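Counting in this note's numbering, the sequence shown runs from 65 upward without gaps.
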Amino acid sequence: MSAKRPNVVMILTDDHAAHSIGAFGSVVNRTPRIDEIAHRGVLFKNCFATNALCSPSRASILTGTYSHINGVTTLVTPIDAGQPTFVSQLKAAGYRTAIIGKWHMGSGPGHDPEGFDYWDVLVGAEGQGEYWDPLFRSAGGERVVVGYATDVITDLSLGWLESLDGEDPWCVLIYHKAPHRPWEPKKGSRPRSEAIPLPATFDDDYATRSASARRAAMRLAENLTCEDLKSDPPDGLSYEETGVWKYQRFMEDYLDCVDSVDENVGRVIDWLQGRGLFDDTLLMYASDQGFFLGDHGWFDKRFMYEESLRMPLVLSYPSRVAPGQVHDGIVTNVDWAQSILEAAGVARHDRMQGRSFWGDLTGNSMAEPAAGMYYRYWEHDDRFHKAPAHYGYRTDRFKLIYYYNDGLGLPGTGAFTYPPEWELYDLELDPAELENIYDRPEYATVREELKEAMWREQARLLDTPHVSQPPPEGIGSGPGHTATAGERLR
């Protein structure tokens, strides 16, 4: 066992669905370099986002806290960058630290990255960044860097590493834009030799799904645009044929963007190996949440359904972690911060939530496995994706979702209000989540037990139930509340 403190590399992409990664069983793509990390380390089978949206997930990863604690609940609520993070903890313990690439949690004083020795982040396209000749912001100001963003971000990251001297360990966050919309491949989309398989749920008719979910403006056939697809569908196609054509065209670009990501993951692996650093580096590859790839006829994320909720996560650290592991316990993005800190032998900050999974990987865990995970999607509007505010609770077998349909809407977007609705899925019998069984009498006991578990977890995490459905007296009462700014910073 190595006594050295590990270097830390986190490669994070945006909207990369687990089911487009070979190691996760993809039938649409191959990703040999990402898979290499899994084969030489650990694949996390059940890693989930606690708020499946880019900015909130990134804030939870960094701070080790839920959205209502770190304050980043939506795409337009910027981070208070002075909060404690796993990076600031590492820096205080002598690590050299950097972030290069997509930040997307606000910019300017108080919102630019803090706790990093070096930062160089995308600021164009409202923080999303451009694929070509991206605009970067650093402590020295803004500049355009010529090239393809996925390559450029890797170039800058390896350049920073090359500039280091001395023996102190380092942590670098390599945060890519890809494969986020508008899906612009490096070489132009390559026609596939065969049609990309349609997902089994492509023709989901939403028969038992709530009206809340049916309202979402995320259907491939209706909501993907000419700008997304770079061309119009051929004339004369039926609605169904248009949906299939759009799926094929979208997936060609999406998967080509992923190909460039995989290639650049390989560049980082090769750099580490070429310098004899791979075995003593904690290397993580992940995405900020999942993504619908035609599943249920949708694209995008936001919902608590599996394709959106599930985050791909693979990790290697050969000197400490045995290869070829599959971690099948429930893990969330809130857990990462203290897990990284434990691996580095650095104390977690008291405000960090979640559960460290580090002991699970090394065989000396003292923590009980997670019984379930709590989810809350706060963004609520009637203009763009029309995904309603909701929260819920997932266990190994069941998933309970409550669409409270009222909440923190995007400013100026006309937040909508509809009656609250519930959904319940048996993931063992219905892994595709096609049949909402909330009203079935045989599930009544399970339903009420899940509600109680959800409310208790909500209160434990200091979140507040929506006023439309308060928990019964004595369940979930006590400490539950939305944290104030002062509490968030403690």
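Think of the CB as a built atom: it goes at the ideal place given N, C-alpha and C, for glycine as much as any other residue. Only a predicted model underlies this, so the values are computations on that prediction, with no experimental measurement involved.
TODO: Return the residue from the list Asp-490, Trp-442 and Gly-418 that minimises the CA-CA distance to Glu-432.
DONE: Checked all of Asp-490, Trp-442 and Gly-418; the closest Cα to Glu-432 is Gly-418.
- [ ] Determine, using beta-carbon pairs with one atom in the segment 341-353 and one in the segment 275-282, whether at least three such pairs fall under 8 Å.
- [x] no
Task: Nearest to Lys-294 (by Cα), restricted to the options Ala-277, Gly-252, Gly-300 and Pro-263 - done: The shortest C-alpha to C-alpha distance from Lys-294 to any of Ala-277, Gly-252, Gly-300 and Pro-263 is the one to Gly-252.
- [ ] Please state if the CB of Ser-84 and the CB of Val-322 are separated by a distance shorter than 8 Å.
- [x] yes
TODO: Quick one: residues in its chain with C-beta nearer than 7 Å to the C-beta of Arg-69, no 5 flanking neighbours on either side, listed in chain order?
DONE: Taken in chain order, the residues that qualify are Pro-233, Ala-408 and Gly-409.
Task: Selection from Ser-532, Asp-326, Leu-262 and Glu-497 that minimises the alpha carbon distance to Glu-100 - done: The option with the nearest alpha carbon to Glu-100 is Asp-326.
Task: Buried or exposed (CB count within 10 angstroms, at least 16 for buried), Gly-193 - done: buried
Task: C-beta atoms of Gly-423 and Asn-110 nearer than 8 Å - done: no
Open item on the list: So, at 8 Å on beta carbons, what are the nonlocal neighbours of Thr-306 in its own chain, with the 5 sequence-adjacent residues on each side left out?
Closed with: Ala-285 and Pro-297
TODO: Would you mind listing the beta strand (DSSP E) stretches within the segment 258-298 that are 3+ residues and don't spill past its ends, in chain order?
DONE: none
Task: Reduced DSSP category for Leu-553 - H, G, I as helix; E, B as strand; rest coil - done: Interpretation of Leu-553 is limited by its pLDDT of 33, a score under 50 that renders its predicted location unreliable; the figure taken from the coordinates is listed afterwards. The answer is helix: DSSP assigns Leu-553 an H, G or I state.
Open item on the list: Taking the alpha-carbon of Leu-262 as reference, which of Gly-361, Ala-275, Gly-191 and Gly-223 has the nearest alpha-carbon?
Closed with: Distance check between Leu-262 and each of Gly-361, Ala-275, Gly-191 and Gly-223 places Gly-361 closest, using alpha-carbon atoms only.
Open item on the list: Give me, in chain order, the residues of the same chain whose beta-carbon lies closer than 7 Å to that of Asn-397; leave out the 5 immediate sequence neighbours on both sides.
Closed with: Ala-113, Thr-114, Ser-121, Ser-124, Ile-125 and Met-375
Task: Three-state secondary structure (DSSP) of Asn-71 - done: strand
- [ ] Report yes if the CB atom of Val-73 is closer than 8 Å to the CB atom of Ile-217, and no otherwise.
- [x] no
- [ ] Below 6 Å CB to CB, which residues in the same chain sit around Lys-485 once its five sequence neighbours on both sides are set aside?
- [x] Correcting the residue type first, residue 485 is Glu in the shown sequence and not Lys. Closer than 6 Å at the Cβ level, and outside the excluded window around Glu-485, lie Ser-274, Ser-276 and Tyr-467.
Open item on the list: Assuming the contact rule is C-beta atoms closer than 8 Å, Phe-363 and Leu-288 should be a hit. Round their C-beta distance to whole Å, please.
Closed with: Their Cβ separation, rounded to whole angstroms, is 7 Å, which keeps Phe-363 and Leu-288 in contact under 8 Å.
Open item on the list: Pro-255 and Ser-324 - do their beta-carbons sit closer together than 8 Å?
Closed with: no
Open item on the list: Looking at Ser-372: is its Cβ nearer than 8 Å to the Cβ of Asp-78?
Closed with: no
TODO: State the beta-bridge partners of Asp-320 as determined by DSSP.
DONE: In DSSP, Asp-320 forms no bridge with anything.
Open item on the list: Measuring alpha carbon to alpha carbon, tell me which residue in Ile-75, Arg-415, Arg-207 and His-80 is nearest Asp-357.
Closed with: Per the sequence shown, residue 357 should be read as Leu rather than Asp. Nearest C-alpha to Leu-357: His-80.
Task: Rounded straight-line distance, which links the Cα of Tyr-455 to that of Met-368 - done: 8 Å
- [ ] Starting from Arg-374, follow its DSSP beta bridges and name the residues at the other end.
- [x] Phe-112
Task: The alpha helix (DSSP H) enclosing Ala-213, as first and last residue numbers - done: 213-227
TODO: Indicate whether Lys-166 and His-240 have their beta-carbon atoms separated by less than 8 Å.
DONE: yes
Open item on the list: With a threshold of 8 Å on Cβ separation, who are the neighbours of Phe-180 within its own chain once the five nearest residues in sequence on each side are excluded?
Closed with: Val-151, Lys-155, Thr-161, Ala-162 and Ile-163
- [ ] Quick one: using the 10 Å Cβ neighbour count with 16 as the cut-off for buried, is Tyr-303 buried or exposed?
- [x] exposed
- [ ] Assign Gly-188 to one of three DSSP states: helix, strand, or coil.
- [x] coil
TODO: Determine the closest residue to Ala-203 out of Gly-191, Ala-451 and Trp-183, with distance taken between C-alpha atoms.
DONE: Minimum Cα-Cα distance from Ala-203 among the listed residues Gly-191, Ala-451 and Trp-183 corresponds to Trp-183.
Open item on the list: Does Asp-364 come out as helix, strand or coil in the three-state DSSP assignment?
Closed with: strand
Task: Option in Ser-420, Met-437 and Asp-414 with minimal Cα separation from Trp-400 - done: Ser-420
Task: Assigned secondary structure, Gly-338 (DSSP; H/G/I helix, E/B strand, else coil) - done: helix
- [ ] For my contact list, Tyr-439 and Leu-117 are in at a C-beta cut-off of 8 Å; report their separation, rounded to the angstrom.
- [x] At roughly 11 Å, the Cβ-Cβ gap does not stay under 8 Å, so Tyr-439 and Leu-117 are not in contact.
Open item on the list: Using the three-state DSSP reduction, which class does Phe-200 fall into: helix, strand or coil?
Closed with: strand
Task: Alpha carbon of Val-140 to alpha carbon of Thr-528, nearest angstrom - done: 21 Å
TODO: In the DSSP assignment, find the alpha helix (DSSP H) that holds Trp-519 and state where it starts and stops.
DONE: 508-524
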